[in-house]
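Residue numbers (UniProt numbering): 1 to 252.
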């Protein structure tokens, strides 16, 4: 996960929740999203994106017994530039541990989960996009349903990974869907840039939402900022508040 990009002032979650465009997004049945017998592949740019973007989806997939593959592209070690508390060497070890704990809190079967760690350096994924496509393709197969971050999400790493995942899916004959993450923190005048006609809601029950929020709190390194060096927490109160919503938005 990254700090919210300075696209504009943050749109409070209560405003988004009452937005007409969001209210009109139709729900999708799970079996139409991931057909029976299909494998789901989650491609996350940074450790934690898999929970913020698809923490509910992951639980539903596990509940229905679908095979799951998680591709964590970067190690997240550059999330605290200039920090003495969280230097890159410490984060490169700590953040995968946070992810493992978060997945455990989601109730995923870690013994059978195929989890690929790319180890790419974050904050520079767009510069290595040409390497990401063959890397992701290596772990895909025809008939997979691939989920990754939206190609216009407002974060360079998210966009690069989304583009690479889309290209890899097309090459391998897999289906590709996108998940907006930082787009929900744009200002009101940016709403028209979201392709609402492609949006669908995957509805989540109360227990699934609670587990998703609990999993997000496994990322201790992302919960506190360092004001003395100008770092805001990646998992700010605004981001955590959005995890209360009883659905996830997927761009089909």
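Quick reminder that beta carbons are idealized off the backbone N, C-alpha and C, glycines included.
How is the beta strand (DSSP E) around residue 74 delimited, first residue to last? 68–74
Could you tell me the boundaries of the alpha helix (DSSP H) in which residue 63 lies? 49–63
Do you know offhand how far residue 36's Cα is from residue 142's? 14 angstroms
Inter-residue Cα distance where the pair is residue 238 and residue 232: Approximately 12 angstroms, taken between the alpha carbons.
Span of the beta strand (DSSP E), counted from its first residue to its last, around residue 115: 114–120
Name, in chain order, the residues that DSSP records as bridge partners for residue 147. Among the bridge pairs identified by DSSP, residue 147 is matched with 42, 177.
Is the beta carbon of residue 73 closer than 9 angstroms to that of residue 140? No, the pair does not count as a contact, with Cβ atoms beyond the cut-off.
Expected contact under 8 angstroms - CB spacing of residue 178 and residue 148 to nearest Å: 7 angstroms
From the DSSP secondary-structure annotation, give me the bridge partner or partners of residue 250. 200
Rounded to a whole number of angstroms, what is the C-alpha to C-alpha distance between residue 262 and residue 117? The question about residue 262 has no answer, for the chain in this structure spans 1 to 252.
Can you list, in chain order, the residues of its chain whose CB lies under 7 angstroms from that of residue 12, leaving out five sequence neighbours each side? Unreliable positioning characterises residue 12 in this predicted model, as indicated by a pLDDT of 48, which lies under 50. The coordinate reading is nonetheless provided below. Result list for residue 12: empty, nothing under 7 angstroms.
What are the start and end residues of the alpha helix (DSSP H) that includes residue 207? 206–216
First and last residue of the uninterrupted alpha helix (DSSP H) at residue 238: 237–242
Pairwise C-alpha distance: residue 167 and residue 29: 26 angstroms
My assumption, with CB atoms under 8 angstroms, is that residue 211 sits in contact with residue 144. Please give the rounded CB distance. Wrong, their Cβ atoms sit about 25 angstroms apart, outside the cutoff.
In this structure, how does DSSP classify residue 84 when only helix, strand and coil are distinguished? coil
Considering only residues of the same chain and omitting the five flanking positions on each side of residue 114, which have a CB-CB separation below 6 angstroms? 69, listed in sequence order.
In the structure shown, what three-state DSSP assignment does residue 168 receive? helix
What does residue 27 pair with, by DSSP beta-bridge criteria? 201
From what residue to what residue does the alpha helix (DSSP H) around residue 131 run? 129–137
State whether the segment 74–88 contacts the segment 197–211, with contact taken as three or more CB pairs (one from each stretch) at a distance under 8 angstroms. In the pairwise beta carbon analysis, the segment 74–88 is classified as not touching the segment 197–211: fewer than three pairs are separated by under 8 angstroms.
May I ask you to report which of helix, strand or coil DSSP gives residue 226? strand
Considering only C-alpha positions, which residue in the set 146, 164, 55 is nearest to residue 129? 164
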